[in-house]
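Working notes for the structure below.
Protein chains in written order, with the working numbering: chain W, 1 to 338; chain C, 339 to 676.
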């Protein structure tokens, strides 16, 4: 039996960002002022859930060691673990319902992590966490109603309403990547046609670049991959665009139009005060954001565009752990973090 | 100076549904159990705002007379007026910012109605009110997170989150008619291309029927209008579809597909437990709802369709006044009506 310190500002919470490729762990002070003990390791999902969870618990233990060593607080000052998991989660029962990237289904993650760490654990969806992190300490700070769009392999999303994450009626809200932007368009991995994700995800961007290069032999992108189209990635497209390559710039501008159509929908529906866009796509900078904001203004009502800022995320690499801690605080106190 | 009765269940609130064509007024008991003194009159917007507001205030006065006469309560038992107005409203300041149907802009409706009725007045958007009415006493009763879609001349919407209307950051949320369902599609009145409203509103349905009839001489729709295509209305399309007319049935089924694409987006984003569809289009019954539900299942995630019912509204003609009263209660107490 341990007693938590009475001053919550001297408490620490461990944030875990469980991704399909990497696990990131860090400790945060309850007031958001201190981030320490950050580390990452490969997920190695193929080794199975038990192996992944043991690795996470070990990382949590060493991060707690770092907190104790660097701040001089006792171990009791670390009060819990917030964990962002990919896929659909059941927060109340602490279960990952379906995480295709990990090949997990109906996995009782909270029960297992609690047993291994001896700490209270709360889970949330990873894109929700990334959005909440950008709201708490990043680009969406100060916002009331916020939409987060995270562009990685897929397109994820999070919705904040009145400073709290909105989860919907069965914890499945925020699938912003699966807004239809063209009802007869490209087939999406989800089975639908014309989803935003089928156009604007990292893999869709790379795929569209490959298609464009089949009809163009002058692009510097070809040199970047020594003519091997299979090596094209979204990151290379942003790099070539920054260097002024016409094909890459066109891909980025088209991406801005697709994202703009999806985000205009979100503005007309939600009337948010901030839209924060995170992920590798933000490397494209103004080449992306300038045409994106233009497209949103063309499509959405003036009254909603005038009151909304559309900004790149400012916590690459840490939004997930920061937001996992923020979600832990919200779930255990019923209030958003201060 | 008057004293309100201490038991709120013996209080009455007047609901006003101000439309571009008609004004509807009724009284409701605070507990939602009694609706009485309902009346309607033409809006006659061309006579100007002052004339419209005087007519509304007169209707409120005669409805209060009815409440007193029929229930035996004193006039003090009528505690306020909830008013649904078309267009964008600023609830906090009681101003109709822009109501194109009425040709109003920046009109201080609450101040004027309070002066004329001597009662506290709260306003809200009319589509929000219709949704909240269906939630309080209609088809969406018992729901927690609810989307309302109202199909009339245009396509309006309302969003309920955790039993409260969601208004967004500048009172402009819920423009569900302006979800883009085809980014290169039909021009919408709002200036965007391919909005849901450009396909599924009453006027769009009539327009699509006219286009179809230009290439078809066998449809019974032609007989219904004596060959005069300008007389085609959405209501006639539903009637002909109910009678088995192939052209009309195709229009209804296409409408179901357009609505289905828009509603699938809303399910993936909001994960609501109820979607309630109101307006004339519900006359089409299963001819609309069966293909609509199929289209939503085709496009949205199984986890969100399994937990959501899509239903026609059950308060035609009264959802607006019922919801105006519900919004009054929510705005004055900070809680949804019981």
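Ideal placement from N, C-alpha and C gives every residue a C-beta, glycine not left out.
Predicted model only: the values in this text are computed from it and were never measured.
In or out: residue i buried (at least 16 other Cβ within 10 Å) or exposed?
i: residue 380 of chain C; result: exposed
i: residue 244 of chain W; result: exposed
i: residue 568 of chain C; result: exposed
i: residue 377 of chain C; result: exposed
i: residue 138 of chain W; result: buried
i: residue 460 of chain C; result: buried
i: residue 313 of chain W; result: buried
i: residue 400 of chain C; result: exposed
i: residue 227 of chain W; result: exposed
i: residue 287 of chain W; result: buried
i: residue 431 of chain C; result: exposed
Are residue i and residue j closer than 7 Å when you measure CB to CB?
i: residue 353 of chain C; j: residue 614 of chain C; result: no
i: residue 489 of chain C; j: residue 600 of chain C; result: no
i: residue 533 of chain C; j: residue 665 of chain C; result: no
i: residue 630 of chain C; j: residue 598 of chain C; result: yes
i: residue 495 of chain C; j: residue 465 of chain C; result: yes
i: residue 638 of chain C; j: residue 606 of chain C; result: yes
i: residue 85 of chain W; j: residue 321 of chain W; result: no
i: residue 616 of chain C; j: residue 676 of chain C; result: no
i: residue 349 of chain C; j: residue 417 of chain C; result: yes
i: residue 146 of chain W; j: residue 140 of chain W; result: yes
i: residue 575 of chain C; j: residue 547 of chain C; result: yes
i: residue 515 of chain C; j: residue 492 of chain C; result: yes
i: residue 654 of chain C; j: residue 502 of chain C; result: no
i: residue 97 of chain W; j: residue 90 of chain W; result: yes
i: residue 579 of chain C; j: residue 622 of chain C; result: yes
Within 7 Å (strictly less), CB to CB, does residue i reach chain W?
i: residue 508 of chain C; result: yes
i: residue 518 of chain C; result: yes
i: residue 671 of chain C; result: no
i: residue 463 of chain C; result: no
i: residue 483 of chain C; result: yes
i: residue 511 of chain C; result: yes
i: residue 637 of chain C; result: yes
Verify the CB distance criterion: does residue i have a CB-CB separation below 7 Å to chain C?
i: residue 304 of chain W; result: yes
i: residue 295 of chain W; result: no
i: residue 336 of chain W; result: no
i: residue 183 of chain W; result: yes
i: residue 307 of chain W; result: yes
i: residue 139 of chain W; result: no
On the three-state DSSP scale, how would you describe residue i?
i: residue 349 of chain C; result: coil
i: residue 344 of chain C; result: In this prediction, residue 344 of chain C has a pLDDT of 46, which is less than 50 and means its spatial position is unreliable; what the coordinates show is noted afterwards. Reduced to three states, the DSSP call for residue 344 of chain C is coil.
i: residue 606 of chain C; result: helix
i: residue 291 of chain W; result: helix
i: residue 517 of chain C; result: coil
i: residue 598 of chain C; result: helix
i: residue 447 of chain C; result: helix
i: residue 671 of chain C; result: helix
i: residue 254 of chain W; result: helix
i: residue 197 of chain W; result: helix
i: residue 571 of chain C; result: coil
i: residue 119 of chain W; result: coil
i: residue 665 of chain C; result: helix
i: residue 463 of chain C; result: strand
i: residue 221 of chain W; result: helix
i: residue 20 of chain W; result: coil
i: residue 525 of chain C; result: strand
i: residue 429 of chain C; result: coil
i: residue 149 of chain W; result: strand
How about residue i: is its Cβ closer than 6 Å to a heavy atom in the ligand COA?
i: residue 179 of chain W; result: Although the ligand COA was asked about, the structure shown includes no ligands whatsoever.
Cβ-based contacts, 9 Å cut-off: residues of the stretch 526-555 of chain C near chain W: Identification of residues in the stretch 526-555 of chain C having a C-beta nearer than 9 Å to some C-beta of chain W yields 528, 529, 530, 531, 532 and 533, given in sequence order.
Cβ-based contacts, 7 Å cut-off: residues of the stretch 266-277 of chain W near chain C: From the stretch 266-277 of chain W, only 268, 269, 270, 271, 272 and 273 have a Cβ closer than 7 Å to chain C.
The stretch 383-397 of chain C: positions lying closer than 7 Å to chain W by Cβ: Listed by position along the chain: nothing, the set is empty.
Interface positions of the stretch 618-629 of chain C facing chain W (Cβ-Cβ less than 7 Å), listed along the chain: Per Cβ criterion, the list is empty.
Contacting positions in the stretch 232-261 of chain W - beta carbon closer than 7 Å to chain C: Taking 7 Å as the Cβ-Cβ cut-off against chain C, the residues of the stretch 232-261 of chain W that qualify are 261.
Contact list for the stretch 87-105 of chain W against chain C, Cβ threshold 9 Å: Under the 9 Å Cβ criterion, the stretch 87-105 of chain W contributes 88, 97 and 98.
Residues from the stretch 491-504 of chain C in contact with chain W, defined by Cβ distance under 7 Å: Residues of the stretch 491-504 of chain C with a C-beta atom less than 7 Å from some C-beta of chain W are 499 and 504, listed in chain order.
Interface residues of the stretch 310-329 of chain W facing chain C [CB-CB below 8 Å]: Answer set for the stretch 310-329 of chain W: empty.
Positions along the stretch 395-414 of chain C whose CB lies within less than 8 Å of some CB in chain W: So nothing in the stretch comes that close.
Against chain W: residues of the stretch 358-381 of chain C by CB proximity under 7 Å: Cβ contacts with chain W: none found.
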